[in-house]
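Keeping their order, the protein sequence lines are chains A and B. All residue numbers for the first sequence refer to our numbering, where the first residue is 251 and numbers rise by one. All residue numbers for the second sequence refer to our numbering, where the first residue is 16 and numbers rise by one. From the three backbone atoms N, C-alpha and C, an ideal C-beta is built for every residue, glycine too. Being a predicted model, the structure only gives us computed values, none of them experimental. Here the structure is laid out as structure tokens; the discussion comes afterwards.
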Amino acid sequence: MKRACCFLLMLLFALTVLSACYDSREIDNWAYVYSVGVDKGVSDKLRFSVQTPKLKGQSGSIGSVESSGGKGTETDFTVISVDCPTFLSGVEMMETSLSRKFNFMHTKYLIVSEDFAKEGVETFVNGMRRERQVRRIMSFIVVEGEASKFVQQLNPILGATLSKFMEGMMAMGNHTGLFYDFSYGDFTNEMKSTRGQPACVLAGINDFSGYLPQGTETKETSGSIDYYAGEVPRAGGNRFEFLGTALFNGDKMVGKLNGEETRAMLMAKGEFNRASITIRDPLRPEYYVTAEVNAQKSPKVKVSIDEGKPMIQLEVFLEGDLRHVQSGINYESEDLIPVLERSFEASIKEKLDNTIEKCKGLSCDVFGFGEKASMKFLTIQEWENYNWNKQFKYAQVTTKVEFIMRRPGTILRTNPTVRSED
Amino acid sequence: LDFKRYGQHRQKGGLNVINEGKIGVQESISLIVMAICSKIFFTSPGFLTTLVGTAGWLTTLISCTTSIVLFTFTYLLLKRFPGKNIVEVFNITLGSILGFLFSSIYAIAFLFEGSVVAREFADFMKIFTFPETPISFIIGAFIFVIAAAVYLGLESIARVAKLVGYSALGGYILVIMLSATEYRLANLFPVFGYGLDRIFLNGVVRSSAYSEVIILSVIAGSLQGSQHIKKIGYTSLVLSGVLLSMGLICMNLVFPYYITQEIVAPLYIMARSVEYGAFIQRLEPVALFLWIITTIITVSILLYCTVSVYCKMFRLQDMRPVIIPLSVIMFTAAMFPKDFSIIVGEYVQGTRTYGAAVFYLLPLITLLVSLVRGKRTDNKRNHNTGEGSKE
Chain A
251 MKRACCFLLM LLFALTVLSA CYDSREIDNW AYVYSVGVDK GVSDKLRFSV
301 QTPKLKGQSG SIGSVESSGG KGTETDFTVI SVDCPTFLSG VEMMETSLSR
351 KFNFMHTKYL IVSEDFAKEG VETFVNGMRR ERQVRRIMSF IVVEGEASKF
401 VQQLNPILGA TLSKFMEGMM AMGNHTGLFY DFSYGDFTNE MKSTRGQPAC
451 VLAGINDFSG YLPQGTETKE TSGSIDYYAG EVPRAGGNRF EFLGTALFNG
501 DKMVGKLNGE ETRAMLMAKG EFNRASITIR DPLRPEYYVT AEVNAQKSPK
551 VKVSIDEGKP MIQLEVFLEG DLRHVQSGIN YESEDLIPVL ERSFEASIKE
601 KLDNTIEKCK GLSCDVFGFG EKASMKFLTI QEWENYNWNK QFKYAQVTTK
651 VEFIMRRPGT ILRTNPTVRS ED
Chain B
16 LDFKRYGQHR QKGGLNVINE GKIGVQESIS LIVMAICSKI FFTSPGFLTT
66 LVGTAGWLTT LISCTTSIVL FTFTYLLLKR FPGKNIVEVF NITLGSILGF
116 LFSSIYAIAF LFEGSVVARE FADFMKIFTF PETPISFIIG AFIFVIAAAV
166 YLGLESIARV AKLVGYSALG GYILVIMLSA TEYRLANLFP VFGYGLDRIF
216 LNGVVRSSAY SEVIILSVIA GSLQGSQHIK KIGYTSLVLS GVLLSMGLIC
266 MNLVFPYYIT QEIVAPLYIM ARSVEYGAFI QRLEPVALFL WIITTIITVS
316 ILLYCTVSVY CKMFRLQDMR PVIIPLSVIM FTAAMFPKDF SIIVGEYVQG
366 TRTYGAAVFY LLPLITLLVS LVRGKRTDNK RNHNTGEGSK E
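Encoded structure:
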């Protein structure tokens with residue numbers, strides 16, 4: 251009798267356990283958001299857009315829908331926008347037309363419009379930080395124009411899955427140095443930092459208007475990629491592009507760096523990986539020379555405080571492989587390699603100096619100099635009283651670039667091209 | 016209560032009224048280290064950073080050193096009464112009334128600390144993993160597991176602590192190592208945080224963070240003599256100090272001080288931020304495992320100590336009938352705080368600030384009294400276990 255009672259009790263207990271959680275949500279109850287766009291609102295404070303897979307014809311995972319979509323066609327994803335006062339209220343307002351709940355666990359991009367960024371992103375960023383689903387590793391992006399339109403354009407022409415594209419796109423920054431993947435976590439850290447200012451990726455929509463027809467008269471270029479996002483003279487491919495860096499003072503966007511300036515910033519910051527850098531041919535300036543440049547070692551930064559004024563010494567160490575010489579000059583020779591090296595050094599130093607001056611003008615230390623300076627102080631009170639973010643614009647920065655041309659590419663020696671008139 | 020009769024019985028017998036079993040050195044060290052180190056998963060790192068800035072790692076080392084000094088008094092007390100637990104020592108030294116009072120304070124402190132940890136844990140679970148589950152259900156399920164562990168006894172809790180101790184340590188080191196890509200040396204500067212005075216003051220006051228070592232005094236009868244208590248106590252404190260300091264250094268390397276101050280659970284966020292390509296990401300299940308397993312061990316031993324002290328106070332030979340009522344009290348106490356801010360700002364910090372006063376001060380007073388009154392049961396002088404033991 252006792253055993254029977256125990257068995258009955260166990261069965262009753264099993265009833266409560268086996269029926270599963272009353273508030274559980276299965277994977278097909280969620281709508282996974284890939285990108286979040288934020289603009290200034292029209293009928294309310296924010297215009298909030300989310301990009302999510304449509305999950306047509308499926309009851310299961312998002313991954314299966316993506317693979318069924320194959321080429322990532324326009325119909326695979328949808329963008330929903332809403333004017334709302336806060337992030338969570340916006341989510342719930344959008345969910346009034348859905349049978350699934352939004353999930354931000356896999357969100358890769360947080361895209362903010364330039365107009366909104368210039369007014370200050372604190373209201374949105376602070377509101378979002380409390381959300382448990384939001385991860386610090388998602389990329390923080392400022393887009394020229396409307397974020398909602400940019401999110402709509404985020405539909406890659408190459409590759410099968412959007413999530414893979416998004417990760418791959420950010421990894422491209424490591425290969426070109428033209429933009430850098432500042433995460434949402436980095437941004438929120440720097441926004442409150444006493445040692446520098448935040449920065450993030452600059453993106454834009456390219457309407458291909460910079461790609462001029464043959465015969466159009468244009469001014470001479472320097473050979474640098476001194477474009478901002480959306481300005482690259484190209485035709486075809488994705489309409490969106492990532493190029494440059496948005497600079498912030500606290501939570502407000504105050505300026506931007508173009509592609510070359512971004513590279514200079516990364517070199518000073520110690521985050522530069524590799525890039526193909528083009529300069530004017532030192533012996534025949536009508537031609538260009540390109541080298542694939544990478545960092546030899548981390549930059550050496552020395553910061554001292556002289557009568558309250560920051561004195562910064564920056565030394566950048568680079569090396570490169572010669573990749574392209576238009577002039578046909580034998581730069582592989584021992585005599586000419588130093589000429590090329592000094593030219594690269596001079597060109598990179600000039601860009602570095604200009605970028606630092608530009609950032610000083612905006613009171614934006616995005617180079618990590620403040621981090622070095624903070625090591626000179628013993629207590630936080632002393633450091634905070636010094637107010638690095640204010641002092642940075644008075645900093646005296648001296649730069650030095652060391653460049654070594656390691657290899658000549660696949661050519662050992664360039665023989666001159668022979669023409670009949672020669 | 017017939018305090019006089021109760022005291023006479025305790026002094027005459029001097030034996031454990033309940034059979035708690037025996038545990039070894041490794042089990043005890045695992046138990047104490049987990050009970051001390053579980054704090055690192057919760058709000059303590061953030062609160063400590065608010066107090067001392069970048070020097071949390073240094074402050075905790077001072078707390079550890081202070082605890083070593085304070086624990087020495089407890090050890091010296093227990094050394095004078097070999098084989099006796101703290102309740103017996105209180106009674107022998109202070110007499111039945113004061114001994115009963117001191118033991119009651121101990122029991123209440125263990126119960127309070129257990130319920131605070133349980134509530135802090137439940138709120139974390141609600142914030143990060145079960146946002147829609149009622150807090151009463153989370154705490155109820157948690158206390159149910161704790162009660163079951165206490166029912167199985169000290170030996171079971173200690174052996175589970177040893178069993179999972181290695182994997183918990185492995186998981187902890189894994190999270191710390193995989194976060195290395197996020198480390199920034201500059202985050203440790205200015206090296207003295209908000210100043211040396213604050214570091215020293217908070218280091219001493221927050222020695223309560225290591226006060227779980229006092230559990231050894233409750234389960235002293237289950238250990239193999241005072242030399243083992245010494246070995247277990249000091250080893251646990253040093254190991255905990257190293258682990259906590261290491262964790263705080265790594266948190267400070269990842270998050271600047273002004274961010275650590277804001278984050279509810281820095282270690283969990285660290286685990287979430289791990290990213291090595293597309294495959295090694297989102298390690299929060301590891302952090303969650305660490306959280307759950309260490310908190311269960313911590314609250315289990317705290318409830319066990321409550322039950323044990325209670326039974327020793329009232330000479331109950333069977334702990335089992337007491338487990339359910341005290342579990343219900345712990346559940347109620349855990350449900351009591353109104354909101355998370357009160358738990359973090361008052362309850363948790365209250366235990367960190369005033370815990371030392373209970374856990375270290377009472378044995379110190381008892382030691383002083385025993386020195387003055389010449390009470391001891393070791394064989395260095397006379398065996399004064401019986402009545403009229405005054406020299």
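Exposure of residue 665 of chain A is indicated by the presence of fewer than 16 other C-beta atoms within 10 angstroms of its C-beta. Bridge partners of residue 496 of chain A according to DSSP: A/450 and A/506. For residue 280 of chain A, the beta-bridge partners assigned by DSSP are A/351. The alpha-carbon of residue 239 of chain B is positioned some 10 Å away from that of residue 97 of chain B.
CA-to-CA, the gap between residue 302 of chain A and residue 364 of chain A works out to about 23 Å.
For residue 41 of chain B, the enclosing alpha helix (DSSP H) begins and ends at 40–52. Residue A/649 holds the alpha-carbon nearest to the alpha-carbon of residue 561 of chain A among A/359, A/351 and A/649. Those residues of the stretch 120–142 of chain B placed with their C-beta closer than 7 Å to a C-beta in chain A are 142, ordered along the chain. In this chain, residue 294 of chain A is not harboured by any alpha helix (DSSP H), its DSSP state being neither H nor E. Under the Cβ criterion of 9 Å, residue 443 of chain A is counted among the residues facing chain B. Look at residue 288 of chain B: its C-beta is under 9 Å from a C-beta on chain A.
Taking C-beta separations shorter than 6 Å and ignoring five residues to either side along the sequence, the partners of residue 374 of chain B in its chain run 226 and 229, following chain order. Of the residues B/353, B/326 and B/352, the one whose Cα lies closest to the Cα of residue 340 of chain B is B/326. For residue 388 of chain B, no beta strand (DSSP E) segment is defined; the enclosing uninterrupted segment is the alpha helix (DSSP H) at 376–388.
At a cut-off of 9 Å between beta carbons, residue 350 of chain A makes no contact with chain B. Residue 645 of chain A and residue 610 of chain A have their C-alpha atoms roughly 8 Å apart. Looking at the DSSP output, residue 524 of chain A sits in a beta bridge with A/544.
The beta carbon of residue 441 of chain A is closer than 6 Å to those of 448 and 501 in its chain, skipping five residues each way along the sequence.
Proximity of chain A to residue 330 of chain B at the Cβ level (cut-off 8 Å) is not reached, the minimal Cβ distance being about 31 Å. Check the Cα spacing between residue 137 of chain B and each of B/58, B/258 and B/337: the tightest is with B/58. Counting C-beta pairs closer than 8 Å gives three or more between the stretch 102–112 of chain B and the stretch 377–391 of chain B, which meets the contact rule. Under DSSP, residue 332 of chain A forms a beta bridge with A/298.
At least one beta carbon of chain A lies nearer than 9 Å to the beta carbon of residue 273 of chain B.
Under the Cβ distance rule, residue 630 of chain A counts among the residues neighbouring chain B, one pair being separated by less than 9 Å. For residue 336 of chain B, the closest of B/53, B/141, B/322 and B/39 by C-alpha to C-alpha distance is B/322. For residue 439 of chain A, the chain B residues whose C-beta falls within less than 8 Å of its own C-beta are 270, 271 and 274, listed in chain order.
Boundaries of the beta strand (DSSP E) around residue 556 of chain A: 550–556. A check of alpha carbon separations from residue 433 of chain A across A/568, A/361 and A/580 identifies A/361 as the nearest. Shown here for residue 435 of chain A: same chain residues with a beta carbon closer than 6 Å to its own, the five before and five after excluded, namely 386 in chain order. In this structure, A/404 is the residue among A/404, A/493 and A/487 with its C-alpha nearest to the C-alpha of residue 287 of chain A. The DSSP-derived three-state label of residue 231 of chain B is helix. Along the stretch 424–437 of chain A, going in chain order, the ones with a CB nearer than 9 Å to a CB of chain B are 433 and 435. Close to residue 284 of chain B, with beta-carbon spacing below 8 Å, are these residues of chain A in chain order: 386.
Residue 212 of chain B: member of the alpha helix (DSSP H) spanning 211–220, first to last residue. Taking a 10 Å sphere around the C-beta of residue 255 of chain A, we find fewer than 16 other C-beta atoms and assign the residue as exposed. Within its own chain, the residues whose Cβ lies closer than 8 Å to the Cβ of residue 571 of chain A, once the five positions on either side in sequence are excluded, are 541, 542, 655, 656, 657, 658 and 659, listed in chain order.
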